[in-house]
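Undergrad:
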Amino acid sequence: MTDDRFALPIHWNDYEDIAIELYEKFGDDFNEAKIYRIRFTDLLEWVLTLPNFAGTREEANEGHLEQIQSAWVYEWRDHQ
Numbered sequence: 006m007t008d009d010r011f012a013l014p015i016h017w018n019d020y021e022d023i024a025i026e027l028y029e030k031f032g033d034d035f036n037e038a039k040i041y042r043i044r045f046t047d048l049l050e051w052v053l054t055l056p057n058f059a060g061t062r063e064e065a066n067e068g069h070l071e072q073i074q075s076a077w078v079y080e081w082r083d084h085q
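Each residue of the sequence shown is one higher than the one before, starting from 6 at the first, in the working numbering.
1. Would you say I40 faces chain B, with C-beta separation under 8 Å as the test?
2. Taking just the CA atoms, how far does N36 sit from E64?
3. Within 10 Å of its beta-carbon, does Y41 have 16 or more other beta-carbons around it, so buried, or fewer, so exposed?
4. Nearest to W51 by alpha carbon, out of L13, A12 and W17?
5. Which runs of the alpha helix (DSSP H), 4 residues or longer, sit entirely within the region 14-66?
Next up, the structure:
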């Protein structure tokens, strides 16, 4: 397990960092097709529960969630 005490906070526009965290959390449970079918309400909740995530629900918007989905797909592809 890594020590997150010294990790920098993650914000909504840190798409790649969020994607890395989501890939580490879910691994290959979600492939490209499944990632693009995730409801934004679920994705929002998952992001809010990530370690070191400093954003708020009120700061979230559809554009952020779309960018996170795309970055997550690229992260998944990098591990295939």
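Each residue gets a CB set at the ideal place from its N, CA and C atoms; glycine is no exception.
TA: Well, looking at it:
1. The chain inventory of the structure shown lacks chain B, comprising one protein chain alone.
2. 27 Å
3. exposed
4. W17
5. 20-31, 37-41 and 45-53
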